[in-house]
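What follows is one structure encoded as structure tokens, with my remarks underneath.
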Amino acid sequence: MRRALSLVVLSLSLLAACAPATPAVLRLATTTSTDDSGLLDAILPAFESKDNARVDVVAVGTGQALELGRQGDADVVLVHSRAAEDQFMADGYGTVRYDVMYNDFVIVGPQEDPAGIASAASAARAFTRIAEARATFISRGDDSGTNAKELSLWKAAGLEPGDQAWYRSIGQGMGETLEMANESLGYTLSDRGTYLSMSDSLSGLAILFGGSSIAENPDAALLNPYGVIPVNPEKVAGVNNALANSFAAWLTSPETQAAIGAFGVDTYGQPLFYPDAAQP
Amino acid sequence: MVVSAALGIPLGALLARARFFGRGLVVALVYTGMGFPPVVVGLAVYLLLSRSGPLGSLEWLFTPAAMVVAQVVIAFPVVAGLTMVAVEAVDPELSLQLRSLGATEAQAGRLLLREVQPGVLAALLAGFGAIISEVGAAMLVGGNIDGQTRVLSTAIVLETRRGHFGLALALGGALLTLAFVVNALLLRFQVAPRRLG
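Next comes the structure, spelled out in structure tokens:
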């Protein structure tokens, strides 16, 4: 009896000893752009070793990422659609929103540029020219942050192309959308990072509006800020708020911000994301 | 679907009856085709119809025509394989017996056809099921373009991605209902002549 008891005590103490070695899991819902670009692969290992945590990344459109937060299927969201983020906060699903970084959008299209958008004065004017030329335009059509930006540009141009035959809403990710633009020789709006990472296989396309780097983008309307929001544990049950807060603090820390700013310089000769977290 | 049936049923019947050099290989290919991942079919059709592919000049990619091509390739082996099994299951002596009882070639053929009908119907239903629930190839070669190549299965993927789980579920229900109605109609079609006969 005594022996059995000591065995139980021993195994319990072993379990307790093992517990810290088992990593806690942080469920991060984010947009395809942060994952496809390779940014998360580059910076996340530092967080995982610091907090002995494992980050499960679900890369989806901003719309679904926020929905995952609402459903309690994510502990923290990293997205880029300011209006949707503000709604998420207003509904009480997030505890706080921090600026993290920004990248920018570019309008890509066939190298011949049949609609002549390269000389347009603004992104909205470029869209107007595409509509006037009735040139094929591929829309994400998936409620992603990129899709939201595209729709806001059409609105700024005073156009509603939704039901036009030359306007194709395909409800797919950035990669598929760029592939289709390349195949159909159409125009589309893309984040710069995804376009650059795929440009080798997109032989028919070129950046026609947006400049060759973020610094040279002529239209501030194309800048694209990312925010990180820990999901509110008082509103959504079962989320790991402590780890989510730790993640948000780490993401906005000077070290991580520097790593974000350095990412992509080796490969593309320019950063894909510019850090802009407010430092205390 | 109709194209798959038009190609698949004769091939299946031929494979079941005929004996020729390389038959085993063809049968193995058909069976492999039955288990072929539809998304790989989609990829092959995509590359074939791509602007830089051999059939790029057709400009079929991202049109319903491309989806039909992919669906034919997906459903054809299913229809052919199951038809083959159904025809093989009929006793080969039957046609001899019929002929010896004085049936003409045409009469014997009609009777044989009735004999294999349930099997062929099952083949068609399986082919139909493979196509209507298919999403990978439809997404790849159709492109899920709103109002042009968006079908129920790809719309479900989209609405799920958007976080519209309710709508996605409703579309799933619609897809199930559609599949059920088609199956019920085809099964009725099968049962009816039996009752008469």
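Order-wise, the sequence lines are chains A and H. With the working numbering applied, the first sequence has no gaps in its numbers, which climb one by one up to 280 at the end. With the working numbering applied, the second sequence has no gaps in its numbers, which climb one by one up to 477 at the end. Glycine is no exception: its CB is placed at the ideal position from the N, C-alpha and C atoms.
The shortest CA-to-CA distance from Val108 of chain A to any of A:Pro225, A:Thr30, A:Met180 and A:Pro254 is the one to A:Met180. Interface with chain H (8 Å Cβ-Cβ cutoff): Val108 of chain A is excluded. The residue among A:Gln279, A:Ala278 and A:Tyr274 with its C-alpha nearest the C-alpha of Met101 of chain A is A:Tyr274.
Close partners of Met180 of chain A in chain H (Cβ separation under 7 Å): Phe342 and Gly423. In terms of CA proximity to Leu185 of chain A, H:Ser330 leads the group H:Asp426, H:Leu323, H:Ser330 and H:Val306. Under the Cβ criterion (8 Å, minimum of three pairs), the region 157 to 175 of chain A counts as touching the region 121 to 134 of chain A. For the C-beta of Leu438 of chain H, the chain A residues within less than 7 Å are, from N- to C-terminus, Asp142 and Gly171.
Between Arg134 of chain A and Glu150 of chain A, the C-beta spacing is not below 8 Å.
Gln64 of chain A is not a Cβ neighbour of Arg430 of chain H, given a cutoff of 8 Å.
In the DSSP assignment, Asn224 of chain A falls within the beta strand (DSSP E) that extends over Leu223 to Pro230. Here the alpha carbon of Ser375 of chain H sits roughly 8 Å from the alpha carbon of Gly389 of chain H. For Gly443 of chain H, the chain A residues whose Cβ falls inside 9 Å of its Cβ are Val60, Gly61, Gly63, Gln64, Ala65, Leu66, Glu67, Leu68, Arg70, Gln71 and Asp143, in order along the chain.
Taking a contact to require three or more Cβ pairs closer than 8 Å, the region 341 to 349 of chain H and the region 418 to 430 of chain H qualify as touching. When secondary structure is reduced to three states using DSSP, Ala115 of chain A falls in the coil class, being assigned neither helix nor strand.
In the DSSP assignment, Ser169 of chain A is bridged to A:Ser139. Contact of Ser337 of chain H with chain A by beta-carbon distance below 9 Å is absent, the smallest such distance being about 13 Å.
Per the Cβ contact rule, the region 363 to 380 of chain H is not in contact with the region 446 to 459 of chain H (fewer than 3 Cβ pairs under 8 Å). When the Cα atoms are used, Pro23 of chain A and Asp75 of chain A turn out to be separated by approximately 15 Å. Residue environment for Ser119 of chain A: exposed (fewer than 16 other C-beta atoms within 10 angstroms of its C-beta).
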